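Novice:
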Amino acid sequence: MPLPATAQMQWRATEQVQTYAITGTSGIELYASIGERGPKIGREVRTIAHTNFKLTWTRKYEPQPNGACTLVSALPRLVITYVLPKPVSALSPDLKKKWDVFIAGVRRHEEVHGVMITDMVKEIERVSVGLSVPDDPKCAKVRTELQSKLGEISRAQRQRSSDFDRMEMSDGGNVHQLILNLVNGK
Numbered sequence: 769m770p771l772p773a774t775a776q777m778q779w780r781a782t783e784q785v786q787t788y789a790i791t792g793t794s795g796i797e798l799y800a801s802i803g804e805r806g807p808k809i810g811r812e813v814r815t816i817a818h819t820n821f822k823l824t825w826t827r828k829y830e831p832q833p834n835g836a837c838t839l840v841s842a843l844p845r846l847v848i849t850y851v852l853p854k855p856v857s858a859l860s861p862d863l864k865k866k867w868d869v870f871i872a873g874v875r876r877h878e879e880v881h882g883v884m885i886t887d888m889v890k891e892i893e894r895v896s897v898g899l900s901v902p903d904d905p906k907c908a909k910v911r912t913e914l915q916s917k918l919g920e921i922s923r924a925q926r927q928r929s930s931d932f933d934r935m936e937m938s939d940g941g942n943v944h945q946l947i948l949n950l951v952n953g954k
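Counting the sequence shown from 1 gives a position; our numbering is that position plus 768.
(1) Express the C-alpha separation of L899 and L950 in angstroms, rounding to a whole number.
(2) Is A775 buried or exposed, if buried means 16 or more other CB atoms sit within 10 Å of its CB?
(3) DSSP has H818 in a bridge; who is on the other side?
(4) Apart from the five residues just before and just after G810, which ones in its own chain have a Cβ nearer than 6 Å to its Cβ?
(5) Rounding to the nearest angstrom, what Cα-Cα distance links T849 and Q786 in this structure?
(6) Mapping DSSP to helix, strand and coil, what is K825?
(7) Counting only runs of 4+ residues fully inside the region 865-946, write out the alpha helix (DSSP H) ranges in chain order.
(8) Per DSSP, which one or two residues make a beta bridge with S841?
(9) Kindly indicate which three-state DSSP category V951 falls into: helix, strand or coil?
(10) Using a Cβ-Cβ cut-off of 7 Å (strictly less than) and excluding sequence neighbours within five positions of K917, which residues of its own chain qualify?
(11) Below 8 Å on the Cβ atoms is my contact criterion, and I expect L852 with I871 to pass it. Report the Cβ-Cβ distance as a whole number of Å.
(12) Check whether the Cβ atoms of G953 and W867 lie closer than 9 Å to each other.
(13) Can you give, in chain order, each stretch of the beta strand (DSSP E) that sits fully within the region 775-803 and has at least 3 residues?
(14) Exposed or buried, which one is S930 when buried takes at least 16 other CB atoms within 10 Å?
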């Protein structure tokens with residue numbers, strides 16, 4: 769019998785921050801340095817910051833007496849990595865204030881992506897545990913069935929993340945405002 773959801777082991781995502789070096793003595797110089805050194809999305813496009821993740825699973829499949837196979841437990845190990853810019857030199861007091869507001873906002877933005885990733889993992893866990901396929905004594909069909917569900921969940925997470933970025937980076941969006949405040953000092 770599959771374990772009830774409350775019997776599943778509790779897990780927590782591990783979060784880490786990686787930085788990349790930027791230089792500048794003004795908001796526009798810092799932003800230009802981000803444009804030159806920021807993480808690449810795809811092969812060409814640089815971005816201010818990025819959220820990556822590594823997800824592995826420990827799953828337990830059990831053949832059932834009736835010939836079915838059931839996925840009885842699925843324990844994720846999720847590591848979320850936020851890649852953020854970091855000035856290599858001390859900033860003037862005025863610029864430091866602007867930078868602190870900017871980077872705090874960028875980090876909050878990236879942490880929303882982290883929440884979306886964690887939500888995706890919870891959804892994977894929800895559809896995984898208890899998944900059963902009849903006539904599967906070697907537990908091969910249940911794995912194929914699980915993979916089809918994972919693709920749908922992953923696509924939905926990527927779309928949600930993309931929609932969020934589009935909103936945040938549009939004219940007047942939060943990230944757009946952060947950039948304007950850093951560069952123009954408003």
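Glycine included, each C-beta is placed from N, C-alpha and C at the ideal position. Just so you know, these numbers come straight off a predicted model, no measurement behind them.
Specialist: Taking the structure as given:
(1) 50 Å
(2) Note on A775: pLDDT 45, under 50, position unreliable in the model; no value is reported.
(3) V851
(4) none
(5) 7 Å
(6) A small fix is needed here, since residue 825 is Trp in this sequence, not Lys. Strand, per DSSP.
(7) 909-937
(8) K828
(9) helix
(10) V895
(11) 7 Å
(12) no
(13) 782-790
(14) exposed
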